[in-house]
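> Residue numbers (our numbering): 247 to 448. The following block contains the structure, expressed as structure tokens.
Next up, the structure:
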């Protein structure tokens, strides 16, 4: 399996009509603090918009809703993975991405035979308080050597200036949240990311 080198993460489906036309082909919906009915609506809306633009949607956490709404990719953190029915996810034909932050978590993730592994935070991040120190580029290289052909996603504190180094270190894709969503012109920034990652000399 091959991932697009630019992996955008958004918190609402309403971002997608603005950002997918910039060339974004891989996007995760990480929706929080919603009622179940609203979550279902968000996931269905994101699914339909991604289908319209030929983009791959990854649903964060809500694997049951992803199955019920006919999505084909879900991302789980370690706590969610521990509670998820991975067999049901696989029976439904969904691909699976898993977050990792240390060696034990990587071992746990690999037992689930993921379609990609995410490692973070690569750099300090403002998105959320993390109990892990920044991983750095060397850890990216170590993780990639360990997982082989499984795609590796680098996440955390990434900027366009840092992206090439992360890809060179071994990441197959770089995941971005705040550098796009908090930018004064998210559309332009998303397009800059698309161009920078697809032209990166790795």
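The C-beta atom is built at its ideal place from N, Cα and C for all residues, glycine as well. Predicted, not measured: the structure shown is a model, and the values here were computed from it.
(1) What is the rounded straight-line gap between the Cα of residue 439 and the Cα of residue 358?
(2) Near residue 425, what residues of its chain come up, given a Cβ to Cβ distance below 6 Å and the 5 sequence neighbours on each side ignored?
(3) Closer than 7 Å to a non-hydrogen atom of the ligand FAD - does that hold for the CB of residue 396?
(4) So, does the stretch 403-418 touch the stretch 257-276, judging by three or more C-beta pairs under 8 Å?
(5) Evaluate contact between the stretch 280-291 and the stretch 428-435, counting only Cβ atoms and requiring at least three cross-stretch pairs below 8 Å.
(6) If you scan the stretch 266-303 from start to end, which runs of the beta strand (DSSP E) of 3 or more residues do you find wholly inside it?
(7) Quick one, which of 267, 346, 281 and 368 has its alpha-carbon nearest residue 408's?
(8) State the Cα-Cα distance for the pair residue 334 and residue 328, rounded to the nearest angstrom.
(9) Which word fits residue 315, buried or exposed, when buried means at least 16 other C-beta atoms lie within 10 angstroms of its C-beta?
(10) Would you mind listing the alpha helix (DSSP H) stretches within the stretch 323-356 that are 4+ residues and don't spill past its ends, in chain order?
(11) Am I right that residue 363 and residue 387 are in contact with their C-beta atoms under 8 Å? What's the rounded C-beta distance?
(12) Quick check: the Cα distance between residue 295 and residue 259, rounded to an integer number of angstroms?
(13) Counting C-beta neighbours from all protein chains within 10 Å, is the total for residue 250 16 or more, i.e. buried, or is it exposed?
(14) Under 8 Å by Cβ, that's how I've got residue 322 and residue 303 pegged, so tell me the actual separation to the nearest angstrom.
(15) Determine the closest residue to residue 398 out of 427, 352, 326 and 430, with distance taken between C-alpha atoms.
(16) Can you find the residues in the same chain that come closer than 6 Å, C-beta to C-beta, to residue 393, ignoring five residues on each side of it along the sequence?
On the basis of the supplied data:
(1) About 31 Å.
(2) Excluding sequence positions up to five before and after residue 425, its CB lies within less than 6 Å of the CB of 405, all in the same chain and listed in chain order.
(3) Of the ligands one can find in the structure shown there are none, so the ligand FAD has no counterpart to examine.
(4) By the Cβ criterion, the stretch 403-418 is not in contact with the stretch 257-276, since fewer than three pairs of Cβ atoms, one from each stretch, lie closer than 8 Å.
(5) Segment contact: the stretch 280-291 against the stretch 428-435, fewer than three CB-CB distances shorter than 8 Å; contact not assigned.
(6) Within the stretch 266-303, the complete beta strand (DSSP E) segments at least 3 residues long are 272-275, listed from N- to C-terminus.
(7) Residue 408 has its Cα closest to that of 368, out of 267, 346, 281 and 368.
(8) Residue 334 and residue 328: Cα-Cα distance of roughly 14 Å.
(9) By the neighbour-count criterion, in which a residue is buried when 16 or more other Cβ atoms sit within 10 angstroms of its Cβ, residue 315 is buried.
(10) Runs of the alpha helix (DSSP H) lying entirely within the stretch 323-356, each at least 4 residues long, are 324-329 and 332-337 in chain order.
(11) Not quite, the Cβ-Cβ distance comes to about 14 Å (not below 8 Å), so this is no contact.
(12) In this model, residue 295 and residue 259 are separated by some 8 Å (Cα to Cα).
(13) With 16 or more other Cβ atoms within 10 Å, it is buried.
(14) Rounded, the Cβ-Cβ distance is 15 Å, inconsistent with contact.
(15) Nearest of 427, 352, 326 and 430 to residue 398, Cα basis: 352.
(16) Result list for residue 393: 363, in chain order.
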